[in-house]
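Please read the structure below before turning to the comments.
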Amino acid sequence: ANPRFLRFLADVAMDVTTPRGASLVLGAVLVFLLTWVALHHFTQREVGWFAFLGSLTGFSLSFLIILLVPYDISQTLSGGDKVLMPFSWDMMYWASFLLCWVTYPLLSEYEAASGFTVAGRLMSLRSTWCGLYVAGTVLLLLCLVVGGFSVLAPWCLAMANAWALLVSSLLMAYGLVAVPRQFWWQASPSFELKRLYCSAVALDEARLGTQYELQDTIAEARLETAQRSAQFWDPSLERAFALLQLTMEECELLHLELTNGVPGRPHQPACGSTPRRLEQAEDVAPRVDYLAQLHGALRQASIEARRTACRWEELINRCLLLEDIEENLLPSILETSTLWTWGPLRWLCQLPVLRTAWHKLVVLWLSILRSRVLRLVALATGALSVLILSRQIMLFFDMNGPWAFGSLTQGTQAVYVLTLGYLVGTTYWSSFRWRAAGWYGLYSNRNTDTGSLLWCATLLSRLVTPLSYHFLLLIQAKGTSFQAALDEMDVVPTLLP
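In the working numbering, the protein residues as written are 39 to 535.
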């Protein structure tokens with residue numbers, strides 16, 4: 039066994055018995071449970087347990103890093119015994135690295151692959167990204183065998199950090215300006231309604247486009263199943279038709295749900311969708327491959343239609359709420375009590391005292407506090423954005439100033455958590471305003487599919503660690519265990535931030 043690893047286990051066992059170590063363990067468990075509850079609120083029931091647990095681990099590790107980096111700074115400034123050692127950060131970092139750079143991309147490609155069996159979906163993973171990932175994995179393994187982990191680790195650290203900082207430099211610059219502006223706009227219902235009305239046109243066109251695409255794909259699948267021949271029988275072909283029929287029925291129900299039973303446009307057969315001759319049914323393998331591609335197209339069309347419908351529903355609900363606030367139409371006790379959908383909260387809502395108190399709080403928030411609090415939040419976030427941008431400029435020109443971020447090294451742990459959380463939050467929020475993000479997102483009421491969940495977990499896991507390292511550079515903190523774990527990439531100076 040590795041003596042360093044055994045010594046680390048002994049130190050962990052000894053530190054857990056201390057009050058600070060026990061509080062860290064309890065805090066990590068609490069973060070994991072809260073993340074599980076939040077993801078359960080967003081994730082669809084059809085999401086596999088492996089993808090859910092992987093996403094849960096990635097989100098939990100990201101939140102833990104945001105909370106533990108300020109704790110590491112406080113430990114370093116206090117000069118006491120450290121509970122978080124560099125080896126602890128190594129374990130968290132490499133676990134997050136394997137998830138966001140290896141596991142999540144492969145799971146996303148597998149989810150988007152077409153096939154009726156696990157082996158069939160694996161065989162269809164022939165895209166360019168999968169080839170690059172396989173080639174990169176083989177190259178990493180060769181480097182690991184030849185040079186060892188100590189040679190390979192700095193390059194992985196530097197390349198991941200360079201990618202994240204290249205992306206976050208654009209997203210963070212946009213978010214630091216857009217987030218305070220967004221809070222300021224939301225404080226004015228009339229102004230926010232004008233902005234939402236303008237965006238509703240484009241969103242409605244996209245929603246109808248995905249519904250038409252779903253309708254055309256369903257019609258093509260229906261045409262294919264109608265051409266099914268009873269003269270030829272093959273187990274793989276029968277299974278393909280059965281799964282295609284099941285998925286088609288689910289998509290038809292989804293289309294009726296999204297359109298409220300309103301008939302869409304007439305189906306126009308696409309090029310190449312001419313009826314097949316029955317003699318061609320003897321060639322089983324190409325027919326099964328075609329059915330697998332049609333099955334994958336059905337699934338993808340249904341996912342896109344559901345995502346745009348969720349975006350449209352969120353927009354409609356926001357517009358209705360803002361219109362009620364603008365016209366001073368405050369909700370009744372019955373309307374506010376229906377907001378509590380979770381079981382224990384729904385039971386508490388049956389108590390008249392709590393129901394009345396909750397209604398008064400909602401009315402007070404909507405009528406008086408909402409606009410004032412949002413404007414205060416906009417001013418506070420704007421001031422914090424100015425501080426971050428000023429320190430960013432000073433860091434670029436290698437300048438120091440007492441009025442900027444350098445004074446935060448004497449702050450409290452809560453200040454560090456707030457600042458780092460704001461830095462990561464603005465960057466992560468900006469990524470969903472990116473056109474490349476498409477319709478990915480976290481949709482409430484259990485409407486988030488596997489692809490969206492993995493995309494959100496991938497992006498957050500890739501951004502948190504480099505942004506935390508960049509945060510330490512902004513506040514000029516030195517000597518932390520987190521920096522000691524990531525300073526291995528100093529051997530690659532051209533890729534340093």
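Note that beta-carbon positions come from the ideal geometry of N, C-alpha and C, so glycine has one too.
Neighbourhood of residue i by C-beta, 7 angstroms cutoff - its chain only, sequence neighbours within 5 removed
i           : result
residue 214 : 423, 426, 427, 464
residue 275 : 322, 325, 326
residue 332 : 258, 259, 262, 282
residue 252 : 289, 293, 339, 340, 343
residue 310 : Legend: pLDDT at residue 310 = 44, less than 50; position of this residue unreliable, value from coordinates given subsequently. Taken in chain order, the list of residues that qualify is empty.
residue 502 : 100, 103, 104, 462
residue 392 : 386
Those residues which DSSP pairs with residue i across a bridge
i          : result
residue 81 : 486
Span of the alpha helix (DSSP H) around residue i
i           : result
residue 355 : 322-364
residue 254 : 227-264
residue 467 : 451-469
residue 398 : 390-402
residue 148 : 142-150
residue 111 : 87-116
residue 513 : Neither: residue 513 is in no alpha helix (DSSP H) and is coded neither H nor E.
residue 297 : 273-297
residue 519 : 519-524
residue 406 : Where residue 406 is concerned, there is no enclosing alpha helix (DSSP H), given that its DSSP letter is neither H nor E.
residue 375 : 371-375
residue 160 : 156-161
Rounded distance between the beta-carbons of residue j and residue i, thought under 8 angstroms
i           : j           : result
residue 480 : residue 494 : 6 angstroms
residue 218 : residue 451 : Contact flag wrong, Cβ pair sits at about 24 angstroms.
residue 209 : residue 468 : 4 angstroms
residue 85  : residue 488 : 5 angstroms
Contacts around residue i, its chain only, beta-carbon distance under 6 angstroms, and the 5 residues preceding and following it disregarded
i           : result
residue 360 : 227, 230, 231
residue 496 : 138, 142
residue 114 : 517, 518
residue 525 : none
residue 212 : 468
Cutoff 8 angstroms; reference residue i; Cβ partners in own chain excluding five residues on either side
i           : result
residue 433 : 511, 512
residue 286 : 256, 259, 260, 263, 336
residue 77  : 90, 93, 94, 97, 491
residue 458 : 104, 107, 108, 505, 506, 509
residue 535 : Caution applies to residue 535, whose pLDDT of 40 falls short of 50 and renders its modelled position unreliable; the value that the coordinates give is listed next. So the qualifying residues of the chain are 199, 200, 203, 504, 507, 508, 511.
residue 455 : 104, 105, 108
C-beta contact flag for residue i and residue j at 8 angstroms
i           : j           : result
residue 471 : residue 80  : no
residue 353 : residue 246 : no
residue 221 : residue 421 : no
residue 374 : residue 350 : no
residue 418 : residue 153 : no
residue 407 : residue 363 : no
residue 401 : residue 377 : no
residue 477 : residue 346 : yes
residue 249 : residue 296 : yes
residue 515 : residue 127 : no
residue 225 : residue 412 : yes
residue 466 : residue 498 : yes
Near the ligand FMN: residue i beta-carbon under 7 angstroms from a heavy atom
i           : result
residue 146 : With respect to small molecules bound, the structure shown includes none, and the ligand FMN cannot be examined in it.
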